[in-house]
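Protein sequence lines, in the order shown, are assigned to chains A and B.
Position in the first sequence (from 1) plus 55 gives the number in my numbering.
Position in the second sequence (from 1) plus 55 gives the number in my numbering.
Just so it is clear, CB atoms sit at the ideal spot from N, CA and C, and this is done for glycine as well.
There are 2 protein chains.
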Amino acid sequence: MNSKVTLKDVADYVGVSTATVSYVLNGKQQSISDETKEAILSAVKELGYYPNMNAKELASNRSQLIGVVVPQTEGDNKSVFANSFYGEILGSIEREARQQGYQVVISCADLDDNYIRIAYERNLSGIIAIGVYQDGILSKLSETKIPVVLIDSYCKTKDFDNVRIDDEQGSYLATSYLIRNGHRRIGFLCGHIQENGVMQKRFQGYRKALEKAGINLNPQWVFERKVSFEEGRLAAAYIAKALPEMTGLVCTADVMAIGLMKGLHTYRVTVPEDLSIIGFDDLEIANYLEPGLTTVHQAIAEKGAKAFDSLLNEIRGNSRQQDIVLPVSIIERESVKELK
Amino acid sequence: MNSKVTLKDVADYVGVSTATVSYVLNGKQQSISDETKEAILSAVKELGYYPNMNAKELASNRSQLIGVVVPQTEGDNKSVFANSFYGEILGSIEREARQQGYQVVISCADLDDNYIRIAYERNLSGIIAIGVYQDGILSKLSETKIPVVLIDSYCKTKDFDNVRIDDEQGSYLATSYLIRNGHRRIGFLCGHIQENGVMQKRFQGYRKALEKAGINLNPQWVFERKVSFEEGRLAAAYIAKALPEMTGLVCTADVMAIGLMKGLHTYRVTVPEDLSIIGFDDLEIANYLEPGLTTVHQAIAEKGAKAFDSLLNEIRGNSRQQDIVLPVSIIERESVKELK
DNA sequence: CTTAACTACTTAAGCGGTTAAGCTGAGTAT
DNA sequence: ATACTCAGCTTAACCGCTTAAGTAGTTAAG
Numbered sequence: 056m057n058s059k060v061t062l063k064d065v066a067d068y069v070g071v072s073t074a075t076v077s078y079v080l081n082g083k084q085q086s087i088s089d090e091t092k093e094a095i096l097s098a099v100k101e102l103g104y105y106p107n108m109n110a111k112e113l114a115s116n117r118s119q120l121i122g123v124v125v126p127q128t129e130g131d132n133k134s135v136f137a138n139s140f141y142g143e144i145l146g147s148i149e150r151e152a153r154q155q156g157y158q159v160v161i162s163c164a165d166l167d168d169n170y171i172r173i174a175y176e177r178n179l180s181g182i183i184a185i186g187v188y189q190d191g192i193l194s195k196l197s198e199t200k201i202p203v204v205l206i207d208s209y210c211k212t213k214d215f216d217n218v219r220i221d222d223e224q225g226s227y228l229a230t231s232y233l234i235r236n237g238h239r240r241i242g243f244l245c246g247h248i249q250e251n252g253v254m255q256k257r258f259q260g261y262r263k264a265l266e267k268a269g270i271n272l273n274p275q276w277v278f279e280r281k282v283s284f285e286e287g288r289l290a291a292a293y294i295a296k297a298l299p300e301m302t303g304l305v306c307t308a309d310v311m312a313i314g315l316m317k318g319l320h321t322y323r324v325t326v327p328e329d330l331s332i333i334g335f336d337d338l339e340i341a342n343y344l345e346p347g348l349t350t351v352h353q354a355i356a357e358k359g360a361k362a363f364d365s366l367l368n369e370i371r372g373n374s375r376q377q378d379i380v381l382p383v384s385i386i387e388r389e390s391v392k393e394l395k
Numbered sequence: 056m057n058s059k060v061t062l063k064d065v066a067d068y069v070g071v072s073t074a075t076v077s078y079v080l081n082g083k084q085q086s087i088s089d090e091t092k093e094a095i096l097s098a099v100k101e102l103g104y105y106p107n108m109n110a111k112e113l114a115s116n117r118s119q120l121i122g123v124v125v126p127q128t129e130g131d132n133k134s135v136f137a138n139s140f141y142g143e144i145l146g147s148i149e150r151e152a153r154q155q156g157y158q159v160v161i162s163c164a165d166l167d168d169n170y171i172r173i174a175y176e177r178n179l180s181g182i183i184a185i186g187v188y189q190d191g192i193l194s195k196l197s198e199t200k201i202p203v204v205l206i207d208s209y210c211k212t213k214d215f216d217n218v219r220i221d222d223e224q225g226s227y228l229a230t231s232y233l234i235r236n237g238h239r240r241i242g243f244l245c246g247h248i249q250e251n252g253v254m255q256k257r258f259q260g261y262r263k264a265l266e267k268a269g270i271n272l273n274p275q276w277v278f279e280r281k282v283s284f285e286e287g288r289l290a291a292a293y294i295a296k297a298l299p300e301m302t303g304l305v306c307t308a309d310v311m312a313i314g315l316m317k318g319l320h321t322y323r324v325t326v327p328e329d330l331s332i333i334g335f336d337d338l339e340i341a342n343y344l345e346p347g348l349t350t351v352h353q354a355i356a357e358k359g360a361k362a363f364d365s366l367l368n369e370i371r372g373n374s375r376q377q378d379i380v381l382p383v384s385i386i387e388r389e390s391v392k393e394l395k
């Protein structure tokens with residue numbers, strides 16, 4: 056670990072050229088005698104040589120760096136990583152990347168021109184972007200030819216792989232679950248539908264499930280707010296007013312459902328007696344609430360892992376434009392009551 | 056954004072040497088006429104030139120990359136980023152870094168030799184490491200001369216800045232709060248004390264507060280477990296047995312307190328009627344539970360921000376070996392009952 | 001005995017920047 | 001007229017590595 060042992064130092068030490076050392080270290084096609092190989096390898100150990108990645112990447116025009124971009128804010132001013140959903144995705148991407156010898160550079164500042172500049176400057180070999188809903192930036196990204204995989208994105212631009220869950224199905228299952236439990240007057244608490252493709256799909260699922268059961272959708276019972284604990288809590292004021300007529304509610308995010316449950320307490324409405332609630336995401340915390348939150352499960356960590364797999368494929372020049380859809384399922388806990 | 060516009064391209068376009076362009080772009084001391092400056096700047100725009108960071112860092116031997124290292128696992132097999140405590144710190148570091156033109160490379164694999172290698176290879180200009188309790192690796196890091204700032208670390212090695220809260224004081228406050236509320240038979244649920252400096256300090260605080268109030272510490276009521284929701288839940292079995300004698304409990308992590316509350320439900324013990332609980336960290340979720348979790352607040356995001364500030368100072372060659380201690384305070388919610 | 005085909009290397013030209021040192025010509029001092 | 005200064009550049013070495021192309025020595029084939 057002595058400062059600055061270079062390839063040249065190793066080469067001199069062994070008495071060969073830097074090219075030979077480079078070939079040995081990178082296992083290229085060149086034929087090198089076993090003696091020389093061993094001599095080089097042990098010199099590397101002895102001298103404590105480590106490659107200079109900048110030089111390596113500059114010379115080879117490849118890089119072992121990938122970027123992960125998350126939205127700047129979701130709901131409030133906190134970093135989105137404070138939301139364990141993003142944290143878990145990030146963690147699983149990093150784990151996969153590390154195993155493959157890649158490092159992860161993060162940015163919590165949305166996918167914007169600034170980020171594209173960085174990706175470009177750093178010669179990132181790939182980008183994973185979470186929750187992008189604007190086509191504009193994607194077409195710019197497309198020009199850079201950097202491999203990109205999106206997570207939970209709904210865009211017209213179809214140049215990229217996309218890993219997501221079946222959002223519509225999730226919402227459909229959630230709504231149907233309430234219906235199966237005897238509910239017919241079911242509300243919907245969600246993020247802003249216009250700006251957010253995920254919310255659009257989930258709204259579709261809700262709509263279709265109602266339709267199939269012959270229930271009219273009541274627009275008064277669709278509550279759009281930002282996605283956060285606090286906004287969920289604040290929604291309680293409006294939702295309480297819809298009671299007792301409304302008996303069930305589909306929430307498109309566990310965080311909103313959790314905030315809501317807290318907020319409802321103020322209005323003395325208890326879950327699930329006065330209102331059945333079903334969440335979405337199955338965050339770890341959902342299992343530790345009282346009552347436990349019945350919710351739509353998605354394999355969060357798997358999303359990250361799958362995204363990295365796809366990215367690696369693209370980096371290696373394989374496949375393109377896949378839409379990878381992970382399954383969802385209902386996790387039954389205690390926040391939904393069966394209506395007789 | 057056309058592929059590979061280099062400094063040379065800009066220089067040729069304007070009709071000057073690459074040196075001149077470099078001087079203009081980096082604002083160095085060299086005197087350059089305004090005309091030339093403007094010509095270069097507009098050529099940069101026109102051609103869509105972006106520097107190649109690898110080349111830049113190679114030539115200048117500086118880098119705009121910092122590393123953030125978190126422990127591999129805490130409690131269970133999930134990525135620690137799923138714990139919003141770490142997520143929030145990471146987010147705040149990234150925000151600060153971005154504003155200063157730095158990028159953040161993450162690693163969730165503990166601070167180990169492998170990471171030091173990466174730091175070295177990548178020429179990281181600094182490292183922020185969270186929750187390091189082993190001196191061995193720190194002395195190795197010390198040799199590399201890379202600026203390092205630790206967060207929540209308690210190590211003998213005093214070569215580095217350390218940002219933390221007053222853990223002992225936090226625990227002391229928490230315990231005193233229970234005492235002030237009439238509790239005298241107070242338990243302690245914590246992480247493994249031996250392996251974890253933070254837990255040691257918090258245990259001290261608990262001990263001292265009891266001592267000051269003339270209360271004997273009952274070792275039976277000290278529950279050591281891993282720090283996670285699930286381990287908190289599992290602890291309920293043992294803690295329930297200590298009731299009704301024990302009336303209050305200090306938890307050294309909100310996640311444990313939350314898991315515990317869930318677990319206690321199974322044993323039909325209610326909080327705070329049957330047991331008063333005070334947490335530690337003031338995670339966002341603490342405010343959205345029912346009952347709201349009374350807890351020791353720490354400014355999590357600020358920890359990250361302060362750590363980056365310190366790091367930047369060191370990178371710039373200023374100050375060394377500061378111990379930055381952020382304040383703690385009690386947030387009163389509803390999980391503690393006043394005993395008559 | 002040539003020639004071809006290997007093996008086991010070396011040479012050297014980059015990759016895209018930085019930066020110390022040098023050069024040039026106009027302006028000023030002597 | 002001569003020397004000095006200094007603004008405004010240029011030159012070129014270098015950062016540490018990759019890699020196409022070349023070379024020498026051996027062995028096998030014709």
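Problem - Cβ separation of A/Leu113 and B/Asn109, assumed to be a contact under 8 angstroms, to the nearest whole Å - result: Here residue 113 of chain A corresponds to residue number 58 of the first sequence, with the count starting at 1. Here residue 109 of chain B corresponds to residue number 54 of the second sequence, with the count starting at 1. At roughly 4 angstroms, the Cβ-Cβ gap stays under 8 angstroms, so A/Leu113 and B/Asn109 are in contact.
Exercise for the section: Can you pull the chain B residues whose beta carbon is under 7 angstroms from the beta carbon of A/Cys163, in chain order? Expected result: Along the first sequence, read from residue 1 onward, the residue named residue 163 of chain A stands at position 108. Result: Gly146, Glu149 and Arg150.
Problem - Three or more C-beta pairs below 8 angstroms linking the region 214 to 232 of chain B and the region 295 to 311 of chain B - result: Yes, the region 214 to 232 of chain B is in contact with the region 295 to 311 of chain B.
Exercise for the section: Starting from B/Glu279, trace the beta strand (DSSP E) both ways and give me its first and last residue. Expected result: For the purposes of this step, residue 279 of chain B is taken as residue 224 along the second sequence, with counting starting at 1. Counting along the chain, the beta strand (DSSP E) containing B/Glu279 begins and ends at Val277 to Glu279.
Exercise for the section: Could you check what DSSP says for A/His320 in three-state terms: helix, strand or coil? Expected result: Residue numbering aside, residue 320 of chain A sits at position 265 when the first sequence is read from its first letter. DSSP places A/His320 within a helical segment (H, G or I) once states are collapsed to three.
Exercise for the section: Tell me whether B/Ser180 is buried or exposed, calling it buried when 16 or more other Cβ atoms sit within 10 Å of its Cβ. Expected result: Reading the second sequence from its first residue, position 125 is the one you call residue 180 of chain B. Under the 10 Å beta carbon count, B/Ser180 is surrounded by 16 or more other beta carbons and is classified as buried.
Exercise for the section: Kindly list, in the order they appear in chain B, the residues whose Cβ is closer than 8 angstroms to that of A/Lys133. Expected result: As a first step, residue 133 of chain A must be located in the first sequence, where it is residue number 78. Chain B residues near A/Lys133: Glu143, Gly146, Glu339 and Ala356.
Handout entry: Where B/Phe243 falls: helix, strand or coil (DSSP)
Key = Taking the first residue of the second sequence as 1, we reach residue 243 of chain B at position 188. In this structure, B/Phe243 counts as strand in the three-state DSSP scheme.
Handout entry: Exposure of B/Leu225, with buried meaning 16 or more beta-carbon neighbours within 10 Å
Key = In the second sequence, residue 225 of chain B corresponds to position 170, counting from 1. The question names Leu, but residue 225 of chain B is Gly in the sequence shown. When all chains shown are included, B/Gly225 counts as buried.
Exercise for the section: For chain B, find out if any of its Cβ atoms is closer than 9 angstroms to the Cβ of A/Arg153; answer yes or no. Expected result: Against the first sequence, residue 153 of chain A aligns to sequence position 98. Taking Cβ atoms only, chain B reaches closer than 9 angstroms to A/Arg153, which makes this a yes.
Exercise for the section: Could you check which residue in B/Glu279, B/Glu285, B/Asp364 and B/Ile294 has the C-alpha nearest to that of B/Ile313? Expected result: The residue given as residue 313 of chain B occupies position 258 in the second sequence. Nearest of B/Glu279, B/Glu285, B/Asp364 and B/Ile294 to B/Ile313, Cα basis: B/Glu285.
Handout entry: Reduced DSSP secondary structure (H/G/I, E/B, other) of A/Arg219
Key = As a first step, residue 219 of chain A must be located in the first sequence, where it is residue number 164. Of the three classes helix, strand and coil, the one that applies to A/Arg219 here is strand, per DSSP.
Handout entry: DSSP beta-bridge partners of A/Phe335
Key = Working through the first sequence from its first residue, we reach residue 335 of chain A at position 280. Here A/Phe335 is bridged, per DSSP, to A/Val351.
Exercise for the section: Give, in chain order, every residue of the region 99 to 110 of chain A whose Cβ lies closer than 8 angstroms to some Cβ of chain B. Expected result: Correct list: Tyr105, Pro106, Asn107, Met108, Asn109 and Ala110.
Practice task
Below 7 angstroms CB to CB, which residues in the same chain sit around B/Leu102 once its five sequence neighbours on both sides are set aside?
Solution key: Locating residue 102 of chain B in the second sequence gives position 47, counting from the first residue. For B/Leu102, where only same-chain residues beyond five positions count, the Cβ hits under 7 angstroms are Val60, Asp64, Val65 and Tyr68.
Exercise for the section: Kindly list, in the order they appear in chain A, the residues whose Cβ is closer than 8 angstroms to that of B/Ser88. Expected result: Position 33 of the second sequence holds residue 88 of chain B. Near B/Ser88 there are no residues of chain A at all, since even the closest Cβ is about 28 angstroms away, more than 8 angstroms.
Handout entry: Beta carbon proximity, B/Tyr343 to chain A, threshold 9 angstroms
Key = Here the question's residue 343 of chain B lines up with position 288 in the second sequence. Contacts with chain A at 9 angstroms (Cβ-Cβ) include B/Tyr343.
Problem - Where A/Gly237 sits in the DSSP three-state scheme - result: On the first sequence, residue 237 of chain A is found 182 positions in, with the first residue counted as 1. Reduced to three states, the DSSP call for A/Gly237 is coil.
Problem - chain A contacts from the region 162 to 184 of chain B (Cβ-Cβ distance under 9 angstroms) - result: Within the region 162 to 184 of chain B, the residues whose Cβ lies closer than 9 angstroms to some Cβ of chain A are Ser162, Cys163, Ala164, Asn169, Ile171, Arg172, Ile173, Tyr175, Glu176, Arg177 and Asn178, listed in chain order.
Handout entry: B/Val277 and B/Phe243 closer than 9 angstroms at C-beta
Key = Numbered from 1 along the second sequence, position 222 holds the residue referred to as residue 277 of chain B. Numbered from 1 along the second sequence, position 188 holds the residue referred to as residue 243 of chain B. The answer is yes: Cβ separation under 9 angstroms.
Problem - Buried or exposed (CB count within 10 angstroms, at least 16 for buried), A/Ser396 - result: Outside the displayed span of chain A (56 to 395) sits residue 396 of chain A, for which this structure offers no information.
Practice task
Measure how close the beta-carbons of A/Ile148 and A/Phe363 come, nearest whole angstrom, since I'm counting them as under 8 angstroms.
Solution key: Here residue 148 of chain A refers to the residue found at position 93 when the first sequence is read from its first residue. Here residue 363 of chain A refers to the residue found at position 308 when the first sequence is read from its first residue. 5 angstroms between Cβ atoms; contact.
Practice task
Indicate the three-state DSSP secondary structure (helix, strand or coil) for B/Met56 in the structure shown.
Solution key: Along the second sequence, read from residue 1 onward, the residue named residue 56 of chain B stands at position 1. Low local confidence applies: a pLDDT of 45 at B/Met56 is under 50, so the model's placement there is unreliable, with the coordinate-based value given in what follows. DSSP places B/Met56 in coil when its eight states are reduced to three.
Handout entry: Straight-line gap, B/Ala264 to B/Arg257 (C-alpha atoms, nearest Å)
Key = Stepping through the second sequence from its first residue, residue 264 of chain B is reached at position 209. Stepping through the second sequence from its first residue, residue 257 of chain B is reached at position 202. Near 11 angstroms, if we compare the C-alpha coordinates of B/Arg257 and B/Ala264.
Exercise for the section: Mind listing the chain B neighbours of A/Glu139? Cutoff is C-beta to C-beta under 8 angstroms, in chain order. Expected result: Translated into the one-based positions of the first sequence, residue 139 of chain A becomes position 84. First, the residue type needs correcting, since residue 139 of chain A is Ser and not Glu in the sequence shown. Chain B residues near A/Ser139: Phe136, Ala137, Asn138, Ser139 and Gly142.
Practice task
Using three-state DSSP, classify B/Leu366 as helix, strand or coil.
Solution key: For the purposes of this step, residue 366 of chain B is taken as residue 311 along the second sequence, with counting starting at 1. DSSP places B/Leu366 in helix when its eight states are reduced to three.
Exercise for the section: Kindly say whether B/Ile220, judged by its beta-carbon, lies nearer than 9 angstroms to any beta-carbon of chain A. Expected result: Along the second sequence, one-based indexing puts residue 220 of chain B at 165. Cβ-Cβ to chain A under 9 angstroms: no for B/Ile220.
Practice task
Rounded to whole angstroms, what's the CA-CA distance from A/Asn217 to A/Asn81? Just pull it up for me.
Solution key: Working through the first sequence from its first residue, we reach residue 217 of chain A at position 162. Working through the first sequence from its first residue, we reach residue 81 of chain A at position 26. A/Asn217 and A/Asn81: Cα-Cα distance of roughly 33 angstroms.
Practice task
Tell me, please, whether the CB atom of A/Gly246 is closer than 9 angstroms to any CB atom in chain B?
Solution key: In the first sequence, the residue the question calls residue 246 of chain A occupies position 191. For A/Gly246, the answer is no, since every Cβ of chain B falls outside 9 angstroms of its Cβ.
Practice task
Please classify B/Asp214: does DSSP put it in a helix, a strand, or coil?
Solution key: Counting from one through the second sequence, the residue named residue 214 of chain B turns up at place 159. Looking at B/Asp214 - three-state DSSP - the assignment turns out to be coil, as it is neither helix nor strand.
Practice task
Can you have a look at A/Thr349 and say buried or exposed, based on whether 16 or more other CB atoms are within 10 angstroms of its CB?
Solution key: As a first step, residue 349 of chain A must be located in the first sequence, where it is residue number 294. With 16 or more other Cβ atoms within 10 Å, it is buried.
Handout entry: Same chain, Cβ closer than 6 angstroms to B/Gln259, five either side skipped, listed in chain order
Key = Here the question's residue 259 of chain B lines up with position 204 in the second sequence. Answer for B/Gln259: Glu223, listed in chain order.
Problem - Three or more C-beta pairs below 8 angstroms linking the region 316 to 324 of chain B and the region 178 to 192 of chain B - result: At 8 angstroms Cβ cutoff, the stretches do not touch.
Handout entry: Where A/Gly314 sits in the DSSP three-state scheme
Key = The residue you call residue 314 of chain A lines up with position 259 of the first sequence. It is helical.
Practice task
Kindly indicate if chain B contains any beta-carbon less than 9 angstroms away from that of A/Met316.
Solution key: Counting from 1 along the first sequence, the entry for residue 316 of chain A is found at position 261. Look at A/Met316: its C-beta is under 9 angstroms from a C-beta on chain B.
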